[in-house]
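Q: Chains as they are written, first to last, in our numbering: chain A, 7 to 244; chain B, 7 to 244.
All C-beta atoms in this analysis are idealised placements derived from N, C-alpha and C, irrespective of residue type, glycine included.
Number of protein chains: 2
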Amino acid sequence: MKHYEHVERVRLLVVDDDPPIADLVATVARYEGWDAVTANSGEEALRRAGEFDPDIVVLDLMLPDLDGFGVLDRLRASGTMVPVVFLTARDGVADRVAGLTRGGDDYLVKPFAVEELMARLRTVLRRSAGPAFQRSVLQVADLTMDEDTREVRRGDKLLTLTPTEYEVLRYLMRKSPTVLTKAQILDHVWEYGFGGRSNVVELVVSRLRRKLDGIDDGSVPLIHTVRGVGYVVRQVTE
Amino acid sequence: MKHYEHVERVRLLVVDDDPPIADLVATVARYEGWDAVTANSGEEALRRAGEFDPDIVVLDLMLPDLDGFGVLDRLRASGTMVPVVFLTARDGVADRVAGLTRGGDDYLVKPFAVEELMARLRTVLRRSAGPAFQRSVLQVADLTMDEDTREVRRGDKLLTLTPTEYEVLRYLMRKSPTVLTKAQILDHVWEYGFGGRSNVVELVVSRLRRKLDGIDDGSVPLIHTVRGVGYVVRQVTE
DNA sequence: TGACAGCTGTCGTTTTGCTGTCGGTTAACT
DNA sequence: AGTTAACCGACAGCAAAACGACAGCTGTCA
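Structure representation (C-alpha cells):
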C-alpha cells in the first residue's frame, strides 16, 4: 500500500457536478503538492477513476446521472478499495449520510471549509496508509496540536479552543513559518461563500492570543502580526 | 498461535453476500489497524481463506451458494481452527448457531452495532490467543471498565449501566482521549441503518454523566463536551 | 394474559456559549 | 503629528447542547 506523504504525490479525484466547487478543491490540493483531477458526473467519475487510479476520492452525493452511492458501489464492484469522502448538501432531506454505513470513509456537509476537507482527507489517507499509522502532531516551539485528540498545549498547559479558533490555529501552524494574509485565512478556514468581509480573522487571532500567548509573562508570543500583510506563527529567535 | 495485538496486524476475513455490509465491517476493522478482506459468496470465502490465512472470520449464514455452515465445515475439514463469528438474521437459526459455537466461536444477530461486533472479535481473539488470556480492563483516571465482567467503577463505587450506556461509554473510553462526534458514536454504537436524526447520543451522555460524574462533589467530570465537535472522556490535567 | 418494571427514544423547553458586528482605542509607520 | 491598520471590549443573535417529561416497547412474573 502506498505511503502517501513521502514516496509519491497523492492522487486525488474530485467528483462534483458544480465545476467551481470541484475546481476549488482540486486547486487547493494541487497547491499542497497533490495530483488532482475532476469529474462532473457519475459516469465521468468512473472513467477517470479507471484511468487515473486515485489514492482518494471526494464524492458529491448529488450528481446528474448516477448518484454518489451508485458511483461508490460501482467502484467497489470493480474491486478498488480506494477511500472515499462524501460531500452532501446541508438540508437535503433524508441525507443523514451515515457515511460509515454506506461504505464511505468520512463525509462533510456543504458548504464546507477547505482546510476542514483537506484535514479529513489527510486523516483518511493516514489511516489507510498501513500498519504504522502514527498520530499527527503539529508543533511550533512549545506549542503542540494533536490532530487526533484535538489536544492543544502550550508547554504542558492544556488549552480549550473553540472550533474556529482551532481551525485558524491549525492552518497557521501547518503553514508555519509562512506569513498568511487575512484573506488566505478567511478563504481556507471559513466556508466557501462566507459573506462577511469583516474583521473576524483579527478577532479570532486576538482571542487565540489571549489563550496561548497570554498564559503567563514567562512565555514568548508565538503569533506575530506582520503589519500590512497578515499573521504568522513562529518562534522568534531574538 | 499469534498474539493479536502487538506482534502483527490482525487478519480478518469478512464474508457477507451484501457488499455494503461486508465493506462496512472491513472499513471499521481497518480503522482499528487490522488487515481485512471481504468475500461475497461461500466459494469466494474459501478461496480467500486459503490465500489470506485469516486470524478470524466473520461469516454470514445466508450466502448465495454454500451457506455459512457449509463454509465452516469445509474450513474445518481443511484443518484450520480459525475462530469464526457468525452473523444471522433476526429470527433465523439462532439456536442452531448457538450449538455450533463451540470453543472460541461466537455469533451476532443482524442488524448489529459495529462496536458490538468489534468487541466480540477482540474477545474471541483474546481467548484463542492461548491459555494465558488476561482480562480486558479499560481505564481512564479512576474510571474502570472490565469488559469480561461488565463491571464499571468510578473509584470503588460500582456503577449500574444500561446496555446502551455501557456501549457508549466503552466506545468513548476505548478511543480516549480522542474527541468523537455524535455521528461517529451513532454509527458505531447503534445498529447500522438506525434511522434517527435525533438527540439520542446527547441523551445517553446526559444519563451517563448523572451516573458517573455526579457521584459526589469530590470527583472531577470525565466526560467533556467539545462544543461543535462532540464528546470526549479524558482526565483534564490541571 | 394482564400488570408491572426498566430501557429507549421523541418532543419541546431551557441553558449555554460560540460567533460575528460595531466602534472606540491603541500601536505602527511616515 | 497625522494617517492607517490592528486590536479588542461589549453585545446580541443564534445554534448547539442539556435535560425533564413522557410514551412505546419488551421482557418478566404472577
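1) Going by CA-CA distance only, name the one from A:Leu-114, A:Gly-161 and A:Arg-159 that's closest to A:Thr-94.
2) Could you tell me which residues DSSP puts in a beta bridge with A:Phe-92?
3) Given a limit of 7 angstroms on CB to CB distance, which residues of the stretch 179-212 of chain B reach chain A?
4) Which residues mark the beginning and the end of the beta strand (DSSP E) in which B:Gly-48 is found?
5) Since A:Leu-131 is in the alpha helix (DSSP H), which residue starts that stretch and which ends it?
6) Inspect the CB distances between the stretch 25-41 of chain B and the stretch 68-84 of chain A and report whether three or more fall short of 8 angstroms.
7) Nearest chain B C-beta to A:Asp-112 closer than 7 angstroms, yes or no?
8) Look up B:Gln-190 in the DSSP assignment and say whether it is helix, strand or coil.
9) State the start and end residues of the unbroken alpha helix (DSSP H) segment that holds B:Tyr-5.
10) How about A:Pro-169: is its C-beta nearer than 7 angstroms to some C-beta of chain B?
11) Let me see if you follow: with CB-CB separation under 7 angstroms, is A:Asp-24 close to chain B or not?
12) Using a beta-carbon distance below 7 angstroms, is B:Tyr-37 in contact with chain A?
13) Let's see if you can read the secondary structure: which residues bound the beta strand (DSSP E) around A:Val-43?
14) Quick one: any contact between the stretch 81-89 of chain B and the stretch 55-67 of chain B, if contact means 3 or more CB pairs under 8 angstroms?
15) The beta strand (DSSP E) that contains B:Val-143, what's its start and end?
16) Using a Cβ-Cβ cut-off of 6 angstroms (strictly less than) and excluding sequence neighbours within five positions of A:Gly-98, which residues of its own chain qualify?
17) Distance, Cα to Cα, B:Val-88 vs B:Ala-42?
18) Pick from A:Thr-129, A:Phe-200, A:Leu-192 and A:Val-235: whose alpha carbon is nearest that of A:Val-210?
19) Can you look up A:Arg-156 in the DSSP assignment and give me helix, strand or coil?
20) Using the C-alpha atoms, what's the distance from B:Gly-220 back to A:Ser-141?
21) With 7 angstroms as the threshold, decide whether the Cβ of A:Arg-1 is near any Cβ in chain B.
22) With a threshold of 8 angstroms on Cβ separation, who are the neighbours of B:Lys-188 within its own chain once the five nearest residues in sequence on each side are excluded?
23) Counting only C-beta atoms, is A:Val-129 closer than 7 angstroms to chain B at any point?
24) For a contact meaning CB atoms closer than 8 angstroms, what does B:Gly-234 contact in chain A?
25) Hey, out of A:Glu-171, A:Gly-110 and A:Arg-176, whose CA is closest to B:Arg-233's CA?
26) In whole angstroms, what separates the C-alpha of B:Ile-144 from that of B:Val-34?
27) Mapping the DSSP letters down to three states, classify B:Thr-243 as helix, strand or coil.
28) Work out the CA separation of A:Val-21 and B:Ala-51 for me, nearest whole Å.
29) First and last residue of the beta strand (DSSP E) that includes B:Leu-18?
30) Return the CA-CA distance between A:Tyr-177 and A:Asp-154, expressed in angstroms with no decimal places.
31) Candidates B:Gly-161, B:Ala-32 and B:Arg-36: which alpha carbon is nearest B:Thr-44's?
32) State yes or no: is the beta carbon of A:Asp-245 nearer than 7 angstroms to at least one beta carbon in chain B?
33) Between the alpha carbons of B:Arg-215 and B:Leu-149, how many angstroms are there, rounded?
34) Determine the extent of the beta strand (DSSP E) in which B:Val-174 is found, giving its start and end residues.
35) Compare the C-beta of A:Arg-133 against all C-beta atoms of chain B and say whether one is closer than 7 angstroms.
36) Rounded to whole angstroms, what is the Cα-Cα separation between B:Leu-131 and B:Ile-62?
A: In terms of the structure at hand:
1) Within the first sequence, numbered from 1, the residue matching residue 94 of chain A stands at position 88. Checked all of A:Leu-114, A:Gly-161 and A:Arg-159; the closest Cα to A:Thr-94 is A:Leu-114.
2) Locating residue 92 of chain A in the first sequence gives position 86, where the first residue counts as 1. Answer is A:Leu-65 and A:Tyr-113.
3) Correct list: Pro-183, Thr-184, Val-185, Asp-193, Tyr-198, Gly-199 and Arg-203.
4) Position 42 of the second sequence holds residue 48 of chain B. It is not in any beta strand (DSSP E) - B:Gly-48 instead sits in the alpha helix (DSSP H) that spans 48-58.
5) Counting from 1 along the first sequence, the entry for residue 131 of chain A is found at position 125. Per DSSP, the unbroken alpha helix (DSSP H) holding A:Leu-131 starts and ends at 120-134.
6) Verdict: yes, contact present.
7) Numbered from 1 along the first sequence, position 106 holds the residue referred to as residue 112 of chain A. Answer no: the Cβ-Cβ gap between A:Asp-112 and chain B never drops below 7 angstroms.
8) Taking the second sequence and counting its residues from 1, one reaches residue 190 of chain B at position 184. Helix at B:Gln-190.
9) The structure shown does not extend to residue 5 of chain B, since chain B spans only 7 to 244, so no value can be given for it.
10) Translated into the one-based positions of the first sequence, residue 169 of chain A becomes position 163. Yes - at least one Cβ of chain B is within 7 angstroms of the one on A:Pro-169.
11) Here residue 24 of chain A is taken as the residue at index 18 of the first sequence, counted from 1. It does not: the Cβ of A:Asp-24 has no partner Cβ on chain B nearer than 7 angstroms.
12) The residue given as residue 37 of chain B occupies position 31 in the second sequence. Look at B:Tyr-37: its C-beta is under 7 angstroms from a C-beta on chain A.
13) Working through the first sequence from its first residue, we reach residue 43 of chain A at position 37. From DSSP, the beta strand (DSSP E) with A:Val-43 extends over 41-45.
14) In short, these stretches touch, since the Cβ pair count reaches three.
15) Taking the second sequence and counting its residues from 1, the one referred to as residue 143 of chain B is at position 137. Residues 143-146.
16) Counted from its first residue, the first sequence places residue 98 of chain A at position 92. Per-residue confidence for A:Gly-98 stands at a pLDDT of 47, beneath the threshold of 50, marking its modelled position as unreliable; the derived number appears in the next sentence. Within the same chain, A:Gly-98 has no close Cβ partners at all.
17) As a first step, residue 88 of chain B is located in the second sequence; it is residue number 82 there, counting from the start. As a first step, residue 42 of chain B is located in the second sequence; it is residue number 36 there, counting from the start. Between the C-alpha atoms of B:Val-88 and B:Ala-42 there is a straight-line separation of about 15 angstroms.
18) The residue given as residue 210 of chain A occupies position 204 in the first sequence. Of the listed residues, the one whose Cα sits closest to A:Val-210 is A:Leu-192.
19) Sequence index remark: in the first sequence, residue 156 of chain A carries index 150 (1-based). Judged by DSSP in its simplified three-state form, A:Arg-156 adopts coil rather than helix or strand.
20) The residue labelled residue 141 of chain A in the question sits at position 135 within the first sequence. The residue labelled residue 220 of chain B in the question sits at position 214 within the second sequence. The sequence shown places Arg at residue 141 of chain A, rather than the Ser named in the question. In a straight line, the C-alpha of A:Arg-141 is about 33 angstroms away from that of B:Gly-220.
21) Lying outside 7 to 244, the shown extent of chain A, residue 1 of chain A is not represented and no answer is given.
22) Position 182 of the second sequence holds residue 188 of chain B. Excluding sequence positions up to five before and after B:Lys-188, its CB lies within less than 8 angstroms of the CB of Val-207, Glu-208, Gly-236 and Tyr-237, all in the same chain and listed in chain order.
23) If you number the first sequence from 1, residue 129 of chain A lands on position 123. The amino acid at residue 129 of chain A is misidentified as Val; the sequence shows Thr. At a cut-off of 7 angstroms between beta-carbon atoms, A:Thr-129 makes no contact with chain B.
24) Along the second sequence, one-based indexing puts residue 234 of chain B at 228. Residues of chain A passing the Cβ test: Thr-168 and Pro-169.
25) By 1-based counting over the second sequence, the position of residue 233 of chain B is 227. For the set A:Glu-171, A:Gly-110 and A:Arg-176, the Cα lying nearest the Cα of B:Arg-233 is the one of A:Glu-171.
26) Walking along the second sequence from the start, residue 144 of chain B turns up at place 138. Walking along the second sequence from the start, residue 34 of chain B turns up at place 28. Reading off the sequence, residue 144 of chain B comes out as Leu, not Ile. So the two alpha carbons sit approximately 20 angstroms from each other.
27) Translated into positions along the second sequence, residue 243 of chain B becomes position 237. In the structure shown, B:Thr-243 falls within a coil segment according to DSSP collapsed to helix, strand and coil.
28) Your numbering for residue 51 of chain B matches position 45 in the second sequence. Your numbering for residue 21 of chain A matches position 15 in the first sequence. In this model, B:Ala-51 and A:Val-21 are separated by some 33 angstroms (Cα to Cα).
29) By one-based count along the second sequence, residue 18 of chain B stands at place 12. The continuous beta strand (DSSP E) containing B:Leu-18 extends over residues 17-21.
30) In the first sequence, residue 177 of chain A corresponds to position 171, counting from 1. In the first sequence, residue 154 of chain A corresponds to position 148, counting from 1. Cα to Cα, A:Tyr-177 sits roughly 15 angstroms from A:Asp-154.
31) For the purposes of this step, residue 44 of chain B is identified with residue 38 of the second sequence, where counting begins at 1. Of the residues B:Gly-161, B:Ala-32 and B:Arg-36, the one whose Cα lies closest to the Cα of B:Thr-44 is B:Ala-32.
32) Since the displayed chain A opens at 7 and closes at 244, residue 245 of chain A lies outside it and no answer follows.
33) The sequence position of residue 215 of chain B within the second sequence is 209, counting from 1. The sequence position of residue 149 of chain B within the second sequence is 143, counting from 1. So the alpha carbons of these two residues sit roughly 12 angstroms apart.
34) Taking the first residue of the second sequence as position 1, residue 174 of chain B is located at position 168. Element bounds for B:Val-174: not the beta strand (DSSP E) but the alpha helix (DSSP H), 169-181.
35) Taking the first residue of the first sequence as 1, we reach residue 133 of chain A at position 127. At least one chain B Cβ lies under 7 angstroms of A:Arg-133.
36) The residue you call residue 131 of chain B lines up with position 125 of the second sequence. The residue you call residue 62 of chain B lines up with position 56 of the second sequence. Between the alpha carbons of B:Leu-131 and B:Ile-62 lies a distance of about 7 angstroms.
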